[in-house]
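Beneath this line is the structure, given in structure tokens, with notes to follow.
Number of protein chains: 2
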Amino acid sequence: MRVSYSELHDILFRVLARTGFTRERATRCAALFADASRDGVYSHGLNRFPQFITTIRNGVVDVDAVPRCLARWGALERWDGRRGAGNLNAQHAMARAIDLSRDQGIGCVALANTNHWMRGGSYGWQAAEAGAIGICWTNTLPNLPPWGATDPRVGNNPLVVAVPRPQGHVVLDMALSQFSVGALVAYRTRGEALPVAGGYDTEGRLTCDAAAIEASGRLLPIGFWKGSGLSIVLDLAGALLSGGNATWQVPADPRKETGLSQVFVAFDLSSVADAHVAARVADQIVDHVRQPSGSDDTVKYPGQRTLETRRRNLAEGIPVEPSIWHQVQELAA
Amino acid sequence: MRVSYSELHDILFRVLARTGFTRERATRCAALFADASRDGVYSHGLNRFPQFITTIRNGVVDVDAVPRCLARWGALERWDGRRGAGNLNAQHAMARAIDLSRDQGIGCVALANTNHWMRGGSYGWQAAEAGAIGICWTNTLPNLPPWGATDPRVGNNPLVVAVPRPQGHVVLDMALSQFSVGALVAYRTRGEALPVAGGYDTEGRLTCDAAAIEASGRLLPIGFWKGSGLSIVLDLAGALLSGGNATWQVPADPRKETGLSQVFVAFDLSSVADAHVAARVADQIVDHVRQPSGSDDTVKYPGQRTLETRRRNLAEGIPVEPSIWHQVQELAA
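Sequence lines, in order, name chains X and D.
Using our numbering, you'd call the opening residue of the first sequence number 1 and step up by one each time.
Using our numbering, you'd call the opening residue of the second sequence number 1001 and step up by one each time.
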């Protein structure tokens, strides 16, 4: 089943408005969810929306809270997310980092006390659309065993790096587990094996069976010890810069996950480079990576599939799960 | 065979001074190499030193060149490394980023036209010692096939993230290949299998055989497609911010690798946090990650082994390869 972008945005807007968001905030929040589905990140688009509404109803997310600036040091600011909507808070923080970068070449907002930012890539695309190189990351609840342990003590702390390119922005949006929890669910639901080992089964054997990894909770960090280390330093940097919680302080129950720490950095590309030169440099890099060589013309740059999916979904409609679509219609009724 | 730190520094200093470095620069350059060996990063300490001298003799590295500031935009500066010594250039760039962060909360130096920075972790430890959170990365020659290709088109672009902690800084220093080229050589020399698959053999099968991976040149990025994507965006960001070369423009012969692009970012922790509070926050995070749970008290934080090795090597002497030690003595004679 497919729906148009405007149908999708419209129904999300109506639910959000009736849930208590102002019209302006409901419009932006609906767009963040609709854009995720439009771009093929279904797990953090429509499919995540009912759970988002639940977190408002159970008090995890405060619909009225807007982020507040606590302190500024030159090009670095610290903001309090006040447990508001995580995606609106993150969008605000990246916008502010971009503003700072216009003045200072680089800008950074460290955001404490916020909620799940949904699709992290949103804030990378936002930076790239504004002509800025964007880097941002979030901590999460403990959902990943660090290398050497079997119980989840670190987060899979998604990291986003985005580079503007007029022919198609290059946007990396990756959790530090080899597969996100949402990806494991999707593989299990489709009855497919993971393409590479994604974690351990309950016997401690590496496996491509998503269900076995969900059962053990032993997801693999990317690069084994390397992703584990990256998760630790990103959590440290996020908690220290924002003054907010570290992963160990975040409730381990996904329904209660709140009080996250995030960092948004923007580098103003228009300060340092002529737009035409920057576009050519970026195109050359992408072209060299993608060049077909012999039989392997299968190399994609980060964000390439997103754009392909976006074009298809805007032309043909956005695929929706009928059960979730009906659930959201009931929320809007 | 083990030598004292002062013996090691002394001989490196003498070779560098006779190679044309000023006394002050020879002292710092020798310390960067000696510190790497002291900390157990032998591949980028003494073992790399003869090759470094060769790059001076063959004109890749200009001993007289000091980096020059080309432009400043607030907290972001662009510097030209002028093909000087890569480790001295990188140390200078991180020092400058730290200075900027004292004024602006965050500071960034993008450095073009530089040489191999040797041990990337040096500049992370430097930031942490100065009380700053440091993030830096470099591009490299093409030494890694991107996901979907079999020929090296991207770099393994080492990434460093460092967080100050008085009880022991947390410093991640990782190449984006699962194993660095140096690590493959070390495993092969010791006749050991890699602990996890590090690449493909010439038949296209994943393997733990270092020699087979060296033969195929098909190293694996960390996290497969994820590390491949990270390599691409870091190369883009480095080339665009510095105005320097991208990986595709760097000579593919390791003996001729030059003209690299690097980015150094510092966040001034003393701006945002009381020192005692920051130390406690960092300790709590590290303690929660390391907590023994059942049989697995094997979790290390990034940098922990470095400190353990540093203490042992300072107490017992630094292990050196006799053949390389003699080679360096001949250079000094």
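Think of the CB as a built atom: it goes at the ideal place given N, C-alpha and C, for glycine as much as any other residue.
Please read all numbers here as calculations on a predicted model, not as lab measurements.
Kindly indicate which residue of 289/X, 267/X and 272/X has the alpha-carbon position closest to the one of residue 304/X.
Ranking 289/X, 267/X and 272/X by Cα distance to residue 304/X puts 289/X first.
Name, in chain order, the residues that DSSP records as bridge partners for residue 108/X.
DSSP lists 76/X and 265/X as partners of residue 108/X.
Cα-Cα, which of 53/X, 2/X and 4/X is closest to residue 330/X?
Closest by alpha carbon: 53/X.
Along chain X, which residues have their Cβ under 8 Å away from the Cβ of residue 1301/D?
Within chain X, the residues near residue 1301/D are 229 and 232.
Do we get a CB-CB distance below 8 Å when we pair residue 1174/D with the residues of chain X?
Taking Cβ atoms only, chain X reaches closer than 8 Å to residue 1174/D, which makes this a yes.
Spatial neighbours of residue 165/X within its chain, please: CB distance less than 8 Å, with the 5 preceding and 5 following residues excluded, ordered by chain position.
The answer, listed in chain order, is 128, 279, 282, 283 and 286.
Can you confirm whether residue 146/X, when its beta carbon is compared against all beta carbons of chain D, has any partner nearer than 8 Å?
Judged by the 8 Å Cβ criterion, residue 146/X is in contact with chain D.
For residue 1006/D, count the other beta carbons within 10 Å of its own beta carbon; 16 or more makes it buried, fewer makes it exposed. Which is it?
Classification of residue 1006/D: exposed, given that the 10 Å Cβ count is below 16.
Do we get a CB-CB distance below 8 Å when we pair residue 1099/D with the residues of chain X?
Not one chain X Cβ lies under 8 Å of residue 1099/D.
Please confirm whether residue 1162/D and residue 243/X have their CB atoms less than 8 Å apart.
In this structure, residue 243/X does not lie closer than 8 Å to residue 1162/D by Cβ.
Is the Cβ-Cβ distance between residue 1034/D and residue 1080/D less than 8 Å?
Result no, Cβ atoms of residue 1034/D and residue 1080/D do not sit closer than 8 Å.
Flag this pair as touching only if the region 1140-1156 of chain D and the region 1232-1248 of chain D have three or more C-beta atom pairs under 8 Å; answer yes or no.
Taking 8 Å as the limit for Cβ pairs, the verdict is that the region 1232-1248 of chain D does touch the region 1140-1156 of chain D.
Just to confirm, are residue 1120/D and residue 1160/D a CB contact at a threshold of 8 Å?
It is a contact, given that the beta carbons lie within the stated cut-off.
Helix, strand or coil: how does DSSP classify residue 1002/D here?
Correct three-state label for residue 1002/D: strand.
If you count every other CB in all the chains shown that lies within 10 Å of the CB of residue 3/X, and 16 or more means buried, which is it?
Buried, by the Cβ-count rule.
Residues of chain X with CB closer than 9 Å to the CB of residue 1235/D, please, in chain order.
The answer, in chain order, is 285 and 289.
Counting only Cβ pairs nearer than 7 Å, list the residues of chain D close to residue 226/X.
By Cβ distance, chain D contributes 1174 and 1222.
What do you reckon, are the CB atoms on residue 1104/D and residue 1074/D nearer than 8 Å?
Yes, the Cβ-Cβ distance between residue 1104/D and residue 1074/D is below 8 Å.
Among 1013/D, 1098/D, 1107/D and 1083/D, whose alpha-carbon lies nearest the alpha-carbon of residue 1116/D?
The candidate whose alpha carbon is nearest that of residue 1116/D is 1083/D.
Nearest-angstrom Cα distance between residue 23/X and residue 17/X?
Cα to Cα, residue 23/X sits roughly 6 Å from residue 17/X.
Using beta-carbon positions only, say whether residue 318/X and residue 38/X come within less than 8 Å of one another.
Yes, the pair counts as a contact, with Cβ atoms nearer than the cut-off.
Rank 26/X, 326/X and 307/X by C-alpha distance to the C-alpha of residue 167/X and give the top, closest one.
With distances taken between Cα atoms, residue 167/X lies closest to 307/X.
Check whether the Cβ atoms of residue 1046/D and residue 1320/D sit closer than 8 Å, and answer yes or no.
Yes, they are a contact pair.
Measure the alpha-carbon distance for residue 1267/D versus residue 1195/D and round it to whole angstroms.
Distance between the alpha carbons of residue 1267/D and residue 1195/D: 35 Å.
How big is the Cα-Cα spacing for residue 1156/D and residue 1180/D?
When rounded, the distance between both Cα atoms is 8 Å.
Going by the DSSP bridge assignment, what does residue 1071/D pair with across the sheet?
In DSSP, residue 1071/D forms a bridge with 1078/D.
Between which two residues does the alpha helix (DSSP H) containing residue 1325/D stretch?
From DSSP, the alpha helix (DSSP H) with residue 1325/D extends over 1322-1332.
Alpha carbon to alpha carbon, how far is residue 1309/D from residue 1170/D?
Taking the straight line joining both Cα atoms gives about 15 Å.
Near residue 1153/D, which residues of its chain fall below 6 Å by C-beta distance, leaving aside the five closest residues on each side in sequence?
Once the five neighbours on either side are set aside, the close Cβ partners of residue 1153/D are 1142 and 1146.
Spatial neighbours of residue 11/X within its chain, please: C-beta separation below 7 Å, excluding the five flanking residues on both sides.
The answer, listed in chain order, is 328, 329 and 332.
Assuming residue 172/X contacts residue 1229/D (C-beta within less than 8 Å), just tell me the rounded distance between them.
Correct: roughly 5 Å between the Cβ atoms.
Just the C-alpha distance for residue 40/X and residue 9/X, rounded to the nearest angstrom, thanks.
Using only the alpha carbons, I get a separation of about 15 Å.
Assign residue 1322/D to buried or exposed, taking buried as 16 or more other Cβ atoms, counted over all protein chains shown, within 10 Å of its Cβ.
Exposed: under 16 other Cβ atoms inside 10 Å.
Is residue 1306/D a contact residue of the ligand COA, with contact defined as CB to any heavy atom under 7 Å?
For the structure depicted, the ligand COA is absent and the ligand set is empty, with no information on it obtainable.
Verify the CB distance criterion: does residue 181/X have a CB-CB separation below 8 Å to chain D?
No, residue 181/X lies away from the interface with chain D (no Cβ there is under 8 Å from its Cβ).
What are the boundary residues of the beta strand (DSSP E) that includes residue 1134/D?
Segment 1132-1138, the beta strand (DSSP E) holding residue 1134/D.
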